[in-house]
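Note that UniProt numbering has the sequence shown beginning at 1, numbered continuously upward. We put the CB at the ideal spot given by N, CA and C, even for glycine. What follows is a single structure, written as structure tokens, with notes after it.
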Amino acid sequence: MRPVSVIQLRLQACRSFATESNSGSKDHNPNSPTSPPRRRILFSRLLTLSKYTLYLSLTSVVGLIVLTTFLFIHDLFTYTSRHVDRVPINPLALHLERGGPKNLPIARVLVDDDEDEDMHRIARDKPRLVVVGGGWGAMGVLQTLHLGDYHVTVVSNETFTTFTPLLPSAAVGTVQVRSLIEPIRKIVARLRGHFLNGKAVDVDFNQRLLEVECIGNGERVYIPYDKLVIAVGSTSSTHGVPGLDHCFQLKTIADAQAIRRRIMDNFEAASLPTTSPSERRRLLSFVVCGGGPTGVETAAEIYDFCQEDIMNYFPKICREEVSIHVIQSREHILNTYSEAISRYAEDKFGRDGVHLITSARVAAVTPEHVIYTAKGEDGKMAQHTIPTNFTLWSTGIAMNPFAKRVTDLLPNQVHKKAIEVDAHLRVKGTPQGTVYAVGDAATIETSLVSHFLEFVEEADKNKDGKIDFEEWEVMVDRIKKKIPMAEDHVLKAREIFTMYDKNGDNTLELNELVKLLEDLGSKITSLPATAQVASQQGKYIGRKFNKLARTREREEQKLGRVQADTASTPSAITVKDPQESMIDISDESICAPFRYLHLGSLAYIGNAAVFDLGKYSFMGGLAAMYAWRSVYWNEQVSMRTRALLMIDWIVRGVWGRDLSRL
């Protein structure tokens, strides 16, 4: 036998190893589509992720560059010279005639009525619509009206409209006050309307003259109107409690700014080394009188401010000494919401250390104390005192001074808190179709007895002085049309009829009918004084006025009273009776009565929110809070305020609230 060399042995070993490797790798072929290696799959996925990340980054960079370029170009074109030469002004606008009950100047022609052809045409041909106020109701009217249908004038003592639901956030710097306001002039400009910075003080319904006290010079002037919308809101009710001049309210931007200054002053004073422990506790005691949405949200915002900002930048003893008290006259806070929401809010405040004092009445407020009465453990009423340097009063509403003046002028106005209007929002006691009231300034009538004779005359067909069931059904239909809020209370017409038919003769005597209508009227509840109600009423008025304008144009065409536009230079506006060209069109003929659609109530309770949607309730933490923000962001009056509000929320999340005292 030939001897085997070492080289041959090594070659045989290599061949056998290669053969085994080939045979064993059939199930692990890297090119096999069924079982690719994990490393290759991972590498492929990472490559794909990197590719799309690069695409997204490049797209974002390009988008940012394009947006920045666009903003710079837009900004460049804002620096243009615009010259105004020889603006046409009617001589009557510069030399107002005098008249009316008080012989005041009457502004039948305004200085900007002749600025262009469209404004001249509107001032010459269109009815005069005057809106008093700049709140939710007024904005609802202005945002719904069509351009060119009315000569619009807005009278307000503020030059801007305010998004009031976020005032508690502005009071602690969560959002800036500039993010909650929109100039009224910008809103009115869409309608080619006019704005007058003044305060309505009186009105003459016979001559249709609104008396306005101008802000600044204090002079008074009459503004003539064909249609008047009163949307002046309300004031806070005092309930006869002494010392409310030591309290803050939260209804305006000025209120929010004053509250913010007081809060910052209290914390700065509490941080001084010369402040005694008892004085520090008084300075850091915050008392909120009222457990409604405004009071609850303000308490929640103060708590958030302490947790998220005071803790980081002030001595920690300040946070330790902070106490927040909510005094509520009812058994629960947020008592107009569902019971589940009230319990959730109370539990949340309990965990946060916010002291809830329910079933209590504020007796007096002093510069250094809040005195209230509540039942003690023995069941007897006892008086308690809370040392404080901050008291917020947010309980109940009272009538605005101008609304009070209107009710004093009309003898059939008996409501103590608002102007009473009918189902079409017309002020009772004024000429039909001329004066309307919306929002907190108004309340829809709920009395059925006041229409007793009208109901009987319409339903009693045989004039026997009795109402049988068929006639009662006719009366029910009339009640639904006259007062839509009574609809839910007359659904069971047969049961109601049988209940009040005491003698069982299948008819209702007049005295039985009076008792029935009294009981039904007592069950009807007035609409709440909320922004949602005011906004819906304002939009209803705007839509109605649009329909009135269309109907008026059709009637004028039938009568051949439409004046064709000419290409010549517009002549000066001539003063004429504003009622001369008005065609009498009833609201009932073109529009159904106002019906309120409740879209739900919501409230912020400190990094959490609650939603009351009628039959359903939604409450929770951060998810609910972002839903709450989304609703309020969507309800802003302009894209400008939406952008500012979004920026404020981002700034608060990244850098915290502003701690400077302005």
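Can you tell me which of the three DSSP states C214 falls into?
Taking the first residue of the sequence shown as position 1, residue 214 is located at position 214. Strand.
Check the DSSP bridge columns for I524 and list the partner residues they point to.
Position 524 of the sequence shown holds residue 524. I524 is not bridged to any residue.
Taking Cβ to Cβ, would you say N266 is nearer than 7 Å to L283?
As a first step, residue 266 must be located in the sequence shown, where it is residue number 266. As a first step, residue 283 must be located in the sequence shown, where it is residue number 283. Cβ atoms of N266 and L283: closer than 7 Å.
Which of helix, strand or coil DSSP assigns to H451:
The residue you call residue 451 lines up with position 451 of the sequence shown. If DSSP states are grouped into helix, strand and coil, H451 belongs with the helices.
Would you mind giving the Cβ-Cβ distance between T434 and L228, rounded to the nearest angstrom? I have them listed as a contact below 8 Å.
What you label residue 434 is simply residue 434 of the sequence shown in a count that begins at 1. What you label residue 228 is simply residue 228 of the sequence shown in a count that begins at 1. Rounded, the Cβ-Cβ distance is 7 Å, consistent with contact.
Among I467, V154 and F455, whose alpha-carbon lies nearest the alpha-carbon of D477?
Within the sequence shown, the letter at position 477 stands for residue 477. With distances taken between CA atoms, D477 lies nearest to F455 out of I467, V154 and F455.
Compute the distance between the beta-carbons of S271 and F314, then report whether it is under 7 Å.
Your numbering for residue 271 matches position 271 in the sequence shown. Your numbering for residue 314 matches position 314 in the sequence shown. Contact: yes.
Do the region 121 to 139 and the region 221 to 240 touch if we need at least three Cβ pairs shorter than 8 Å?
yes
So, with DSSP's three-state summary, where would you put I483?
Translated into the one-based positions of the sequence shown, residue 483 becomes position 483. Of the three classes helix, strand and coil, the one that applies to I483 here is coil, per DSSP.
Can you round the beta-carbon distance between L508 and Y500 to whole angstroms, since I take them to be within the 8 Å contact cut?
As a position in the sequence shown, residue 508 is number 508, starting the count at 1. As a position in the sequence shown, residue 500 is number 500, starting the count at 1. L508 to Y500, Cβ: 6 Å. Contact.
Host beta strand (DSSP E) of H95 (start-end):
Working through the sequence shown from its first residue, we reach residue 95 at position 95. No beta strand (DSSP E) holds H95; DSSP gives it neither H nor E.
For H151, list the residues DSSP reports as bridge partners.
Indexing the sequence shown from 1 puts residue 151 at position 151. In the DSSP output, where bridge partners are listed per residue, H151 has R128.
If you draw a straight line from the alpha carbon of V212 to that of K199, how long is it in whole angstroms?
Locating residue 212 in the sequence shown gives position 212, counting from the first residue. Locating residue 199 in the sequence shown gives position 199, counting from the first residue. Counting only the Cα atoms, K199 lies some 5 Å from V212.
Backbone CA spacing between H369 and A493 [nearest angstrom]:
One-based indexing of the sequence shown puts residue 369 at position 369. One-based indexing of the sequence shown puts residue 493 at position 493. Just so you know, the alpha carbons of H369 and A493 end up roughly 55 Å apart.
Which full runs of the beta strand (DSSP E) of 3+ residues lie inside the region 62 to 117, going along the chain?
97 to 99 and 104 to 106
Note the first and the last residue of the continuous beta strand (DSSP E) segment covering I419.
Taking the first residue of the sequence shown as position 1, residue 419 is located at position 419. Looking at the DSSP string, the run of the beta strand (DSSP E) that includes I419 is I419 to V421.
6 Å CB neighbourhood of I647 in its chain, flanking five on each side removed
Counted from its first residue, the sequence shown places residue 647 at position 647. Hits under 6 Å: none found.
Mark W655 as exposed unless 16 or more other C-beta atoms lie within 10 angstroms of its C-beta, in which case mark it buried.
Sequence index remark: in the sequence shown, residue 655 carries index 655 (1-based). Looking at its Cβ environment, which holds fewer than 16 other Cβ atoms inside 10 Å, W655 is exposed.
Pick out the complete alpha helix (DSSP H) segments inside the region 334 to 390, 4 residues or longer, and give them in chain order.
339 to 352
Looking at C-alpha atoms only, which residue of G504, E339 and V131 is the closest neighbour of D226?
Locating residue 226 in the sequence shown gives position 226, where the first residue counts as 1. Residue V131 is the option with its Cα nearest to D226.
State buried or exposed for G292, treating a residue as buried only when at least 16 other CB atoms are found within 10 Å of its CB.
Counted from its first residue, the sequence shown places residue 292 at position 292. Burial call: buried.
Inter-stretch contact (C-beta, 8 Å, three-pair minimum) for the region 295 to 305 and the region 602 to 610
yes
Check for me: the alpha helix (DSSP H) holding E182 runs from which residue to which?
Residue mapping note: residue 182 aligns to position 182 of the sequence shown, counting from 1. Where E182 is concerned, there is no enclosing alpha helix (DSSP H), although the beta strand (DSSP E) it sits in stretches over I181 to P183.
Using 7 Å as the threshold, is the C-beta distance between L392 and V288 below it?
Counting from one through the sequence shown, the residue named residue 392 turns up at place 392. Counting from one through the sequence shown, the residue named residue 288 turns up at place 288. Yes, they are a contact pair.
In terms of residue numbering, what span does the alpha helix (DSSP H) encompassing R494 cover?
The count along the sequence shown starts at 1 and reaches residue 494 at position 494. Start and end: A493 to Y500.
Work out the CA separation of K481 and W628 for me, nearest whole Å.
Numbered from 1 along the sequence shown, position 628 holds the residue referred to as residue 628. Numbered from 1 along the sequence shown, position 481 holds the residue referred to as residue 481. Near 36 Å, if we compare the C-alpha coordinates of K481 and W628.
Between E512 and the rest of its own chain, which residues show a CB-CB distance below 8 Å, the 5 nearest in sequence each way excluded?
For the purposes of this step, residue 512 is identified with residue 512 of the sequence shown, where counting begins at 1. Here the set comprises Y500, D501 and K502.
Could you compute how far the alpha carbon of V152 sits from the alpha carbon of N546?
Counting from one through the sequence shown, the residue named residue 152 turns up at place 152. Counting from one through the sequence shown, the residue named residue 546 turns up at place 546. Going by the C-alpha atoms only, they are around 13 Å apart.
With contact counted as at least three CB pairs below 8 Å, one residue from each stretch, are the region 118 to 130 and the region 160 to 175 in contact?
Segments in contact, no.
Rounded to a whole number of angstroms, what is the C-alpha to C-alpha distance between C247 and I253?
Here residue 247 is taken as the residue at index 247 of the sequence shown, counted from 1. Here residue 253 is taken as the residue at index 253 of the sequence shown, counted from 1. Taking the straight line joining both Cα atoms gives about 16 Å.
Which two residues bound the contiguous alpha helix (DSSP H) that contains T551?
Here residue 551 corresponds to residue number 551 of the sequence shown, with the count starting at 1. From DSSP, the alpha helix (DSSP H) with T551 extends over A531 to L559.
Would you kindly report the start and end of the unbroken beta strand (DSSP E) that includes R190?
In the sequence shown, the residue the question calls residue 190 occupies position 190. Note, R190: premise wrong, no beta strand (DSSP E); not H, not E.
Kindly confirm or deny that the region 533 to 546 and the region 514 to 525 touch, where touching means at least three C-beta pairs closer than 8 Å.
No contact exists between the region 533 to 546 and the region 514 to 525.
Identify, in the order they occur along the chain, each residue of the same chain with its Cβ nearer than 7 Å to the Cβ of P367, setting aside the five sequence neighbours on each side.
By 1-based counting over the sequence shown, the position of residue 367 is 367. Contacts found: H246.
Check whether the Cβ of S638 lies closer than 6 Å to any heavy atom of the ligand NAP, and answer yes or no.
As far as ligands go, the structure on display features none, and thus does not contain the ligand NAP.
Return the CA-CA distance between F163 and S156, expressed in angstroms with no decimal places.
The residue given as residue 163 occupies position 163 in the sequence shown. The residue given as residue 156 occupies position 156 in the sequence shown. A straight-line Cα-Cα distance of about 16 Å links F163 and S156.
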